[in-house]
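The structure under discussion appears below in the form of structure tokens.
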Amino acid sequence: MPVRQNKKRVARVCLGTGCISNGALEVYEALKHNVKTLGLRDVEIDFTGCHGFCQRGPIVDIEPGDIFYSGVREEDVTDILQIHFREGKLVDRLLYRDPVTEETISCSRDIPFYSKQQRIILRNCGRINPENIEAYVATGGYDGLR
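Structure representation (structure tokens):
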């Protein structure tokens, strides 16, 4: 499945405690460093809070397309930047594989763990940088005060 190129391109690394304990900080730093080295100026590297699926971490969520890469290691960063962002292809070995059906699922909302959830209070958890107030406001934060 080709990767769509019509929206802002962002790689978001989960920096929840479960992902950090599995090497997410190293993945985040490697992405930030290598995106510059490879000259991918249109690719933004950011981080999020916990996605809730800690046993699959570190998790890297890619936009556009809501692509879910799991079990990402520092050595996978070059493939994400080269194959996904430069060539426009999915990095199949990092996609979620359903343990029952063996089906490969690329989109997080289609993964059974997430598809059965309806997040209300935590709907943006794992989607925005928890330290970026502009991201919070852009997703409806403080609307109740208007």
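Each residue of the sequence shown is one higher than the one before, counting from 1 in the numbering used here. Beta carbons: idealized from backbone N, C-alpha and C, even for Gly.
Can you name, in chain order, every residue of its own chain whose Cβ lies under 8 Å from the Cβ of residue i, other than the five neighbours on each side?
i       : result
Met-1   : Summary for Met-1: the model assigns pLDDT 47, below 50, so the residue's position carries little reliability; its value from the coordinates is reported in the next sentence. If we look at Met-1 and ignore the five residues flanking it on each side, its Cβ neighbours are Leu-90, Ser-106.
Lys-32  : Ile-45
Arg-146 : none
Please report the Cβ distance between residue i and residue j, rounded to the nearest whole angstrom; I am assuming they are in contact, meaning their Cβ atoms lie under 8 Å.
i      : j       : result
Val-27 : Val-13  : 6 Å
Asp-66 : Leu-94  : No, Asp-66 and Leu-94 are not in contact; Cβ-Cβ is about 14 Å, not under 8 Å.
Glu-74 : Ala-11  : Going by Cβ atoms, the distance from Glu-74 to Ala-11 rounds to 14 Å, so no, they are not a contact pair.
Leu-25 : Leu-81  : Not confirmed; about 18 Å, so no contact.
Asp-98 : Pro-112 : 7 Å
In chain order, what residues of the same chain lie with their CB nearer than 6 Å to the CB of residue i, ignoring the 5 residues before and after it?
i      : result
Ser-70 : Arg-56, Ile-59, Tyr-96
Arg-86 : none
Ile-62 : Ala-11
Leu-15 : Ala-24, Phe-47
Asp-79 : Val-91
Asn-34 : Val-77, Leu-81
Leu-38 : Leu-81
What does a CB cutoff of less than 7 Å around residue i pick up in its chain, not counting 5 residues either side in sequence?
i       : result
Asn-22  : Gly-57, Pro-58
His-84  : Val-3, Ile-62, Leu-90, Val-91
Thr-101 : none
Taking 9 Å as the threshold (C-beta atoms), are residue j and residue i in contact?
i       : j       : result
Cys-54  : Gly-18  : yes
Pro-149 : Lys-116 : The requested residue 149 does not occur in the structure, where the chain is confined to residues 1 to 146.
Gly-140 : Ile-133 : no
Length at least 4, wholly inside the region 28–55: the alpha helix (DSSP H) runs in chain order | none
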